[in-house]
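First to last, the protein sequences are chains A and B. Add 6 to a position in the first sequence, counting from 1, and you land on the number used in this note's numbering. Add 6 to a position in the second sequence, counting from 1, and you land on the number used in this note's numbering. Structure first, commentary second.
Number of protein chains: 2
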Amino acid sequence: MGQGIDVAVSTVILALLPTGGEPGDGPGDEPGSGPGGPRLHLPLVRRTREPHRDCWALPGGWVRPEESLADAGRRTLAETTGLRPSYLEQLYTFGRPDRSPTGRVVSVVYTALVRSREAAAAQEGENVRWSVADDATGLAFDHDEVVRYALWRLRTKIEYGSIARHFIGERFSLSQLREVHESVLQRRLDPANFRRAVEASGTVEPTDERLTGGRHRPPRLYRAVPAPHGAAPPWEGAGPPA
Amino acid sequence: MGQGIDVAVSTVILALLPTGGEPGDGPGDEPGSGPGGPRLHLPLVRRTREPHRDCWALPGGWVRPEESLADAGRRTLAETTGLRPSYLEQLYTFGRPDRSPTGRVVSVVYTALVRSREAAAAQEGENVRWSVADDATGLAFDHDEVVRYALWRLRTKIEYGSIARHFIGERFSLSQLREVHESVLQRRLDPANFRRAVEASGTVEPTDERLTGGRHRPPRLYRAVPAPHGAAPPWEGAGPPA
Numbered sequence: 007m008g009q010g011i012d013v014a015v016s017t018v019i020l021a022l023l024p025t026g027g028e029p030g031d032g033p034g035d036e037p038g039s040g041p042g043g044p045r046l047h048l049p050l051v052r053r054t055r056e057p058h059r060d061c062w063a064l065p066g067g068w069v070r071p072e073e074s075l076a077d078a079g080r081r082t083l084a085e086t087t088g089l090r091p092s093y094l095e096q097l098y099t100f101g102r103p104d105r106s107p108t109g110r111v112v113s114v115v116y117t118a119l120v121r122s123r124e125a126a127a128a129q130e131g132e133n134v135r136w137s138v139a140d141d142a143t144g145l146a147f148d149h150d151e152v153v154r155y156a157l158w159r160l161r162t163k164i165e166y167g168s169i170a171r172h173f174i175g176e177r178f179s180l181s182q183l184r185e186v187h188e189s190v191l192q193r194r195l196d197p198a199n200f201r202r203a204v205e206a207s208g209t210v211e212p213t214d215e216r217l218t219g220g221r222h223r224p225p226r227l228y229r230a231v232p233a234p235h236g237a238a239p240p241w242e243g244a245g246p247p248a
Numbered sequence: 007m008g009q010g011i012d013v014a015v016s017t018v019i020l021a022l023l024p025t026g027g028e029p030g031d032g033p034g035d036e037p038g039s040g041p042g043g044p045r046l047h048l049p050l051v052r053r054t055r056e057p058h059r060d061c062w063a064l065p066g067g068w069v070r071p072e073e074s075l076a077d078a079g080r081r082t083l084a085e086t087t088g089l090r091p092s093y094l095e096q097l098y099t100f101g102r103p104d105r106s107p108t109g110r111v112v113s114v115v116y117t118a119l120v121r122s123r124e125a126a127a128a129q130e131g132e133n134v135r136w137s138v139a140d141d142a143t144g145l146a147f148d149h150d151e152v153v154r155y156a157l158w159r160l161r162t163k164i165e166y167g168s169i170a171r172h173f174i175g176e177r178f179s180l181s182q183l184r185e186v187h188e189s190v191l192q193r194r195l196d197p198a199n200f201r202r203a204v205e206a207s208g209t210v211e212p213t214d215e216r217l218t219g220g221r222h223r224p225p226r227l228y229r230a231v232p233a234p235h236g237a238a239p240p241w242e243g244a245g246p247p248a
């Protein structure tokens with residue numbers, strides 16, 4: 007064809023990290039913002055070449071002719087940050103004709119939710135930083151818009167089981183799950199309403215286990231229900247999407 | 007870059023149409039299959055050039071350098087079928103390195119649900135046909151996989167308000183809504199369970215109106231609740247997604 011369109015990938019990797027400069031200290035991350043609990047952070051990479059040299063951007067790069075889109079996402083993420091999430095979910099493809107100043111670039115964006123321990127694998131330094139996701143602005147290309155969309159999708163299509171599995175772990179109390187949702191949404195949730203919504207969702211189920219500790223009535227632990235149809239596109243079968 | 011990857015768009019347009027050859031009579035559409043009610047159909051286009059000449063394929067084509075991805079989807083759909091749905095939602099981007107025999111092609115796929123009256127705008131003929139979606143196999147490229155994925159997404163991420171709005175209209179009884187879902191899912195649904203699930207979903211709400219007709223207790227009419235956050239990506243704001 008020779009149509010003059012290039013294909014890139016970018017990744018939005020979200021983790022709930024404590025606020026206050028550790029480990030995130032990226033652009034727009036004002037210490038002390040937020041109510042003090044953990045907030046959604048994402049790794050950004052400083053560009054070392056034009057266009058937008060020295061600007062912060064999402065990790066990413068060009069798709070090689072022989073690799074799949076998801077493989078390109080995994081490779082460029084690992085090359086720039088050292089992160090290797092177990093599963094990347096395709097988020098959206100951005101293709102506005104004017105989104106790059108040096109020619110037409112279509113960018114396929116992948117996303118993943120990772121736990122704070124996994125997030126520590128990102129080699130922070132002069133050119134890689136974790137930023138509070140809501141404060142990440144002034145990024146290269148249309149990456150501000152990409153980040154806004156990733157956050158909008160996470161918050162509006164919120165799925166209790168998936169959030170729990172990716173951000174907490176296999177077993178969790180309903181209070182732990184609610185606190186994670188409060189951090190994601192950045193607002194308080196009514197415990198009784200939250201419990202009803204979670205139970206009606208059918209995406210988490212009670213186990214026979216209870217939280218350990220010295221309490222008189224330790225809270226019951228729940229787990230995410232495996233998605234009945236497989237929650238991932240059939241050909242990506244590697245795991246559950248975010 | 008000159009990376010040798012071309013960018014195409016394809017569209018999966020789904021409509022609930024009566025079975026039995028009217029208006030769908032596409033490849034794989036065996037008259038008499040299904041339980042007799044309406045079934046999901048999609049328009050297919052016969053390819054007039056290589057590769058896969060004479061095979062049926064999803065409507066689509068190359069993205070022009072100056073047009074957005076959604077505009078390319080709208081243009082190629084109108085050019086090949088005459089269809090102009092009010093809103094196209096981006097479904098997924100398919101990019102397996104071997105998906106086209108003549109070079110690397112990344113295809114951004116858009117989808118829309120249309121009512122049967124809108125579907126009639128497709129100029130059926132030798133090279134355009136409506137096919138029963140579940141029976142559409144043997145298509146060009148990886149389009150079998152694309153159709154399977156579109157159906158999987160519609161059926162697993164089913165959203166009562168959206169299905170109602172796109173397939174029925176502004177006002178509907180719960181029985182009408184259930185019948186549409188039965189056609190989409192191709193199985194019977196228990197009326198009481200369906201009513202509970204719909205009411206719990208918060209995506210439809212009762213109106214003060216009732217179905218007209220001579221019945222003693224005409225059923226109440228419902229309507230779709232507008233999505234609180236805007237259900238579409240902010241920059242696409244044209245309307246609600248499928």
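All C-beta atoms in this analysis are idealised placements derived from N, C-alpha and C, irrespective of residue type, glycine included.
Distance, residue j Cα to residue i Cα
i	j	result
P44 (chain B)	T25 (chain B)	6 angstroms
R223 (chain B)	L217 (chain B)	9 angstroms
A14 (chain A)	A139 (chain A)	22 angstroms
G208 (chain B)	H187 (chain B)	17 angstroms
I174 (chain A)	L119 (chain A)	10 angstroms
L2 (chain B)	D148 (chain A)	Within the shown structure, residues of chain B are numbered from 7 to 248, placing residue 2 (chain B) beyond reach of any answer.
R121 (chain A)	G79 (chain B)	38 angstroms
G245 (chain A)	S137 (chain B)	Interpretation of G245 (chain A) is limited by its pLDDT of 34, a score under 50 that renders its predicted location unreliable; the figure taken from the coordinates is listed afterwards. Distance between the alpha carbons of G245 (chain A) and S137 (chain B) is about 32 angstroms.
L275 (chain A)	Y116 (chain B)	Residue 275 (chain A) is absent from the structure shown; chain A starts at 7 and stops at 248.
L195 (chain B)	T162 (chain B)	15 angstroms
P65 (chain B)	S16 (chain B)	6 angstroms
P62 (chain B)	L83 (chain B)	According to the sequence shown, residue 62 (chain B) is Trp rather than Pro. Those two C-alpha atoms are separated by around 14 angstroms.
L183 (chain A)	R171 (chain B)	33 angstroms
R90 (chain B)	G42 (chain A)	50 angstroms
S181 (chain A)	A230 (chain A)	15 angstroms
P197 (chain A)	S106 (chain A)	45 angstroms
R177 (chain A)	L227 (chain A)	6 angstroms
R135 (chain B)	G67 (chain A)	40 angstroms
L23 (chain A)	E215 (chain B)	50 angstroms
E185 (chain B)	N199 (chain B)	14 angstroms
P29 (chain A)	D60 (chain B)	Unreliable positioning characterises P29 (chain A) in this predicted model, as indicated by a pLDDT of 48, which lies under 50. A coordinate reading is not provided.
G131 (chain B)	R52 (chain B)	10 angstroms
P71 (chain A)	V204 (chain A)	44 angstroms
L97 (chain A)	D77 (chain B)	20 angstroms
G144 (chain B)	H47 (chain B)	16 angstroms
D31 (chain A)	Y93 (chain A)	Its pLDDT being 41, under 50, D31 (chain A) is placed unreliably in this model, and the value from its coordinates should be taken loosely. Roughly 26 angstroms separates the two Cα atoms.
D12 (chain A)	V112 (chain A)	6 angstroms
L191 (chain A)	H58 (chain B)	48 angstroms
D104 (chain B)	R81 (chain B)	26 angstroms
D150 (chain A)	I164 (chain B)	30 angstroms
A126 (chain B)	P232 (chain A)	41 angstroms
8 angstroms contact criterion, which residue i and residue j should meet: CB distance rounded
i	j	result
T99 (chain A)	L160 (chain B)	The pair is not a contact, with the Cβ atoms about 19 angstroms apart (cut-off 8 angstroms).
G10 (chain B)	R102 (chain B)	About 15 angstroms separates the two Cβ atoms, so there is no contact after all.
S179 (chain A)	P225 (chain A)	4 angstroms
Identified DSSP bridge partners for residue i
i	result
D12 (chain B)	B:V111
L23 (chain A)	A:R45
V18 (chain A)	A:T117
G131 (chain A)	A:V134
R53 (chain B)	Bridge partners of R53 (chain B): none, in fact.
E95 (chain B)	B:T117
R229 (chain A)	A:E211
A63 (chain B)	B:V51
C-beta contact flag for residue i and residue j at 8 angstroms
i	j	result
V210 (chain B)	Y155 (chain B)	no
A142 (chain B)	T87 (chain B)	no
V114 (chain B)	V18 (chain B)	no
A206 (chain B)	A146 (chain A)	no
N133 (chain A)	T213 (chain A)	no
Identify every run of the alpha helix (DSSP H) within the region 137 to 218 of chain A, keeping only runs that are complete inside it and at least 4 residues long; order them along the chain. 149 to 162, 166 to 173, 180 to 191 and 197 to 207
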